[in-house]
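Encoded as structure tokens, the structure appears first; notes follow it.
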Amino acid sequence: MQRMICRAGVRAAALAVSMLVAPCGNVLGQEFVGRERLRAQSDEFRKDVIRMTDGVYVAVGYSASNVTLIQGDRGAIIVDTGSDPVDARAVRAAFANLLDAPVRAIIYTHGHPDHTGGAAVFAGNDNPEIYSHQLLVEGPPDIIRGMRDGGDQFGMTLPDSLYINAGVQLQYGRVTPPTREGYLRPTRTFNGDQLSLTIAGVRLQLLHAPGETRENIAVWLPDKRVVMAGDDFYRAFPNLYPIRGGRLRPPEPWIASLDRMLALGAEHLVPGHTRPITGAAQVRAALTAYRDGIQSVLDQTLAGMRKGERPDELVQHVRVPPPLADSPYLQEFYGCVAWSVRAIYADRLGWFDGNATRLFPLTERERAAKIIALAGGADQVLARARDALAARELQWAAELADYALAVDGMNGEAKRVKARALTELGERQMNANARNYYLTAAQYLLRDLPRQ
Ligand SMILES: [Zn+2]
0 MQRMICRAGV RAAALAVSML VAPCGNVLGQ EFVGRERLRA QSDEFRKDVI
50 RMTDGVYVAV GYSASNVTLI QGDRGAIIVD TGSDPVDARA VRAAFANLLD
100 APVRAIIYTH GHPDHTGGAA VFAGNDNPEI YSHQLLVEGP PDIIRGMRDG
150 GDQFGMTLPD SLYINAGVQL QYGRVTPPTR EGYLRPTRTF NGDQLSLTIA
200 GVRLQLLHAP GETRENIAVW LPDKRVVMAG DDFYRAFPNL YPIRGGRLRP
250 PEPWIASLDR MLALGAEHLV PGHTRPITGA AQVRAALTAY RDGIQSVLDQ
300 TLAGMRKGER PDELVQHVRV PPPLADSPYL QEFYGCVAWS VRAIYADRLG
350 WFDGNATRLF PLTERERAAK IIALAGGADQ VLARARDALA ARELQWAAEL
400 ADYALAVDGM NGEAKRVKAR ALTELGERQM NANARNYYLT AAQYLLRDLP
450 RQ
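So the sequence shown is numbered by numbering that gives the first Met the number 0: it starts at 0 and just counts up by one.
In structure tokens, the structure reads:
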């Protein structure tokens with residue numbers, strides 16, 4: 000009995016510590032609530048061709064991104080093209096005879112491969128103009144390839160049994176490997192703020208609206224009251240910082256772009272991912288919540304920084320505040336508030352957090368060797384790590400295992416403990432990028448171990 004009380008006490012203490020940190024809106028003390036919410040998000044990706052209004056249809060769930068068909072007088076316009084030719088053919092088949100050839104124009108809202116990789120299938124032999132902002136073709140990629148495996152946040156190599164979704168898409172790169180064979184270069188780009196067009200009798204405005212990418216455009220159909228937001232809007236907290244590696248997506252222009260879309264008074268909103276929204280009031284409420292959510296996180300972060308708070312302190316309290324916290328469009332299935340806060344800090348003040356001790360820190364290996372000596376050896380450290388696992392102090396378990404691995408990268412028991420900790424952390428996440436990254440990292444740790 001005494002032992003049970005003691006263990007319960009340890010558990011309660013561990014949960015109390017966990018409750019202090021709520022990464023990506025998931026309270027660790029509530030165990031698997033986040034995972035089940037992430038599972039429910041998959042409903043966003045059920046396959047559908049949705050009629051927005053006369054002559055405007057959106058294919059949702061056939062590819063990582065949405066594909067919009069606009070019917071014109073003598074031909075069609077396609078906005079975004081899906082990830083690759085396989086997906087694009089599925090979208091084309093789903094549109095069936097709604098898509099009346101020829102395709103007169105293809106518009107890229109931005110350059111991400113899941114929006115541009117299926118163009119060749121829609122172009123066929125129709126030789127359409129391909130529109131984008133000039134920044135799509137001249138800008139540097141927002142990731143330096145090979146520096147960090149971008150597939151891990153998408154769970155590209157995870158077994159089906161561990162995979163749920165990618166937050167704002169059912170999957171990217173899991174069914175068919177990422178390919179650029181269906182990409183076509185833009186044939187007509189514009190600089191500056193706006194390009195007005197009439198294609199196949201349809202009036203369109205391409206509005207430069209930087210957000211998740213700096214070249215993002217919103218496509219506005221003034222006669223049909225439809226706006227296609229690209230990746231400035233989807234049903235999840237915005238991915239202000241991608242853990243696959245990249246710069247902060249600057250919040251201020253993103254907020255301004257949402258304001259610009261709000262000013263349109265649209266009756267239909269087609270996001271780059273997840274299901275569209277219909278109704279002027281609903282569209283206004285969704286865009287307003289998105290804008291205000293980003294603004295609040297930015298404001299709280301800057302206010303904390305002015306008080307001298309460091310990133311580890313900021314992430315303890317910066318949150319999407321109520322009632323915005325309940326908005327279905329600000330749940331942290333994809334972007335994560337804590338990562339955004341750290342990225343805003345680093346963007347303004349750089350890597351140094353102000354603590355002089357950290358100007359020239361010990362190497363990881365030196366620090367680990369000293370901590371291990373302090374604890375009485377690597378076996379003691381791993382024993383405490385197993386205790387931490389049992390008490391669900393999962394982050395601490397992973398950190399203890401890291402000390403052992405820093406001095407001996409081949410320590411099999413440390414790999415097993417860390418893999419277990421990362422798996423447990425992943426299983427408690429509502430953020431798909433975090434889940435996929437945790438679980439993939441655990442797979443890497445276990446891959447090279449001999450079978451027990
Ligand atoms: Zn996208």
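We put the CB at the ideal spot given by N, CA and C, even for glycine.
In chain order, the residues that have a beta carbon nearer than 6 Å to some heavy atom of ligand 1 are S64, H111, D113, H114, D230, G271, H272. Three or more Cβ pairs closer than 8 Å define a contact, and the region 236-244 falls short of that threshold against the region 264-283. Of the residues assessed, G376 falls on the exposed side of the cut-off, its CB having fewer than 16 other CB atoms within 10 angstroms. By the C-beta criterion, the region 69-85 is judged not to be in contact with the region 248-268, since fewer than 3 inter-stretch pairs fall below 8 Å.
In the three-state DSSP reduction, A122 falls in the helix class (H, G or I). Here the C-alpha atom of S62 lies approximately 10 Å from the C-alpha atom of G117.
Counting only residues of its own chain and dropping the five nearest sequence neighbours on each side, L348 has a CB closer than 8 Å to the CB of M304. Residue pairing by DSSP places L68 opposite Y56, I77 in a beta bridge. Rounded to the nearest whole angstrom, the C-alpha separation of Y233 and S256 is 14 Å. Judged by beta-carbon spacing, R34 lies beyond the 8 Å limit of Q330, meaning their Cβ atoms are not closer than that value.
Annotated as proximal: A119 and G181, with beta-carbon spacing under 8 Å. Going by beta carbons, L445 and G425 fall outside the 8 Å limit. By the C-beta density criterion, Q299 is buried, having at least 16 other C-beta atoms within 10 angstroms.
Contact check between the region 149-166 and the region 215-224: fewer than three CB pairs, one atom from each, fall below 8 Å, which does not count as touching. Below 8 Å, too few C-beta pairs join the region 181-195 and the region 284-294 to call them touching: fewer than three.
Within the DSSP secondary-structure output, R187 pairs in a beta bridge with Y130. The count of Cβ pairs closer than 8 Å, one atom from the region 220-231 and one from the region 261-273, reaches three, so the stretches are in contact. If you check the CB distance, R147 and G244 come in under 8 Å.
With fewer than 16 neighbouring CB atoms inside 10 Å of its own CB, M409 falls in the exposed class. Short of 8 Å from the beta carbon of F44, and not among the five residues preceding or following it, lie these beta carbons of its own chain, in chain order: V59, G60, N164, Q168, L169, T273. Only residues of its own chain outside the window of five on either side were considered, and among them W395, A396 have a CB closer than 6 Å to the CB of A387, listed in chain order. Going by DSSP, S295 is part of the alpha helix (DSSP H) stretching over 279-305. Contact between I69 and G54 holds, since their C-beta atoms are separated by about 6 Å, short of 8 Å.
H111: not part of any alpha helix (DSSP H); DSSP gives it neither H nor E. Annotation for F31: E426, R427 place their beta carbon closer than 8 Å to its own, counting only its chain and skipping 5 residues before and after. Selection R259, R202, A122, T178 evaluated against H111 yields T178 as nearest (Cα-Cα). DSSP lists P270 as the beta-bridge partner residues of G229. Across the set A208, R246, W350, the C-alpha of A208 shows the shortest separation from the C-alpha of L261. Put simply, of A431, E312, D346 the residue whose alpha carbon is nearest the alpha carbon of S41 is A431.
The secondary-structure analysis by DSSP pairs Q193 across a beta bridge with L206. In the DSSP assignment, I371 falls within the alpha helix (DSSP H) that extends over 363-374.
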